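Written below as structure tokens is the structure these notes are about.
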Amino acid sequence: MDKDKMVAYIISDCTGKTAKNLMESASGQFPDHEIDMKTFTFVRSIEEIDEILKKAKKENAVIAYTFVKSEMRTHLNQLAESYGLKYVDMMEKPLNIISERFNTAPKEEFALKYQLDEAYFDRIEAMEFTLQFDDLNESKGYEEADIVLVGVSRTSKTPLSVHLSYLGYKTANVPLVPEVDVHPSVLENKDDKVVGLTIDPKLLNDIRIERLKRMGLGDDATYAAKERIDKEFEYADSIMEEIGCPVIDVTDKNIEETAVEVLSYFED
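Quick note, the working numbering runs 3 ahead of the 1-based positions in the sequence shown.
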């Protein structure tokens, strides 16, 4: 057996990151020696432990493990000892210390910290919806959305939509462009879910010029022309007035501030 080489088995009922990180930190103190680490994750049964330790015995591996269930820790300890293997339980002491402090037994549930609740899945669904209905103008987006944002280009509709979706709100956004008719469902706004966004025209002009520069285009393009911006605002104002929705001026507001104002219209 090579005295400068060691095999380490990292075994865990979850991702194994805790045991692996600690073993890597320890092995870093022995730069002249080779430590081959093999990781076994989401080990949730006695049978799996038996199979892994049979392999460990053949390689005379050192065992580092994290299990929340005392039954599995006890079984591994006894089996490792019968095989003459060195092992370290990286979960027992922290569990015992916390248990003694609170005078409460640990729940011994797998990956309790990482269990995903309903709110998590709702947020993921909202984010997927928002990305799907970014800059779309159709009835499905309106009907399924919790919030619908309307406004001219570069009024932060997309970043605001994404932020609201992270908070769990399905958010669609509709660009107001003179050449494109707004879908009747948005105009009707029967569920009062539409919120308009506006901005100082001069600031919008500056924002659009910067965008054109980043795109390698000249600042004299129609997109940033004052006449074009005035036309878009006139159209957007008329649409938002027809909808009868609240309008938020996003000038000098960050996304979080605007989101708070948007949500204030949906409070019970």
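Where is the CB? At the ideal position from N, CA and C, for every residue including glycine. Keep in mind that this is a model prediction, so the values were computed, not measured.
Supposed contact pair Glu260 and Val155 - C-beta distance, whole angstroms, cut 8 Å: Not really, about 20 Å apart at Cβ, beyond 8 Å.
DSSP beta-bridge partners of Thr69: Looking at the DSSP output, Thr69 bridges to Ser15.
With 16 other Cβ atoms within 10 Å as the buried cut-off, status of Ser164: The residue in question, Ser164, is buried, as its Cβ has 16 or more Cβ neighbours within 10 Å.
Nonlocal neighbours in the same chain, by C-beta distance under 6 Å from Ile49, ignoring five residues either side: His78
Among Tyr12, Lys143, Thr174 and Ile100, nearest to Val91 - alpha-carbon criterion: Tyr12
Cβ contact check for the region 140 to 152 and the region 102 to 112: 3 or more pairs under 8 Å: no
Segments of 4+ residues assigned as alpha helix (DSSP H) that fall wholly inside the region 154 to 236: 160 to 169, 187 to 191 and 204 to 217
Among Met75, Glu213 and Val177, the one whose alpha carbon lies nearest that of Thr133: Val177
Given 8 Å, three or more beta-carbon pairs between the region 204 to 214 and the region 228 to 245: yes
Inter-residue spacing [alpha-carbon to alpha-carbon] between Pro162 and Met75: 47 Å
Per DSSP, the bridge partner or partners of Phe43: Ile14
Unbroken alpha helix (DSSP H) run spanning Asp53, endpoints: Ile49 to Glu62
Pair within 7 Å by beta-carbon distance, Val153 and Leu170: no
Cβ neighbour criterion (16 or more within 10 Å) applied to Asn257: exposed
Cutoff 7 Å; reference Thr21; Cβ partners in own chain excluding five residues on either side: Thr69 and Met93
Residues bridged to Lys8 [DSSP beta-bridge criterion]: Glu37
Proximity below 7 Å, CB of Val265 to CB of Val198: Yes, these two residues count as a Cβ contact at 7 Å.
Spatially closest choice to Tyr123 from Tyr172, Glu84 and Glu95, by CA coordinates: Relative to the Cα of Tyr123, the nearest Cα in the group Tyr172, Glu84 and Glu95 belongs to Tyr172.
Presumed contact (8 Å Cβ cut-off) between Arg157 and Arg214, rounded CB distance: 7 Å
Outcome for Val183 when other beta-carbon atoms lying within 10 angstroms are tallied against a minimum of 16: exposed
Span separating the alpha-carbon of Thr44 from that of Val65: 16 Å
Close-in-space but distant-in-sequence residues of the same chain around Arg126 (CB under 8 Å, 5 per side omitted): Ser168, Tyr169, Leu170 and Gly171
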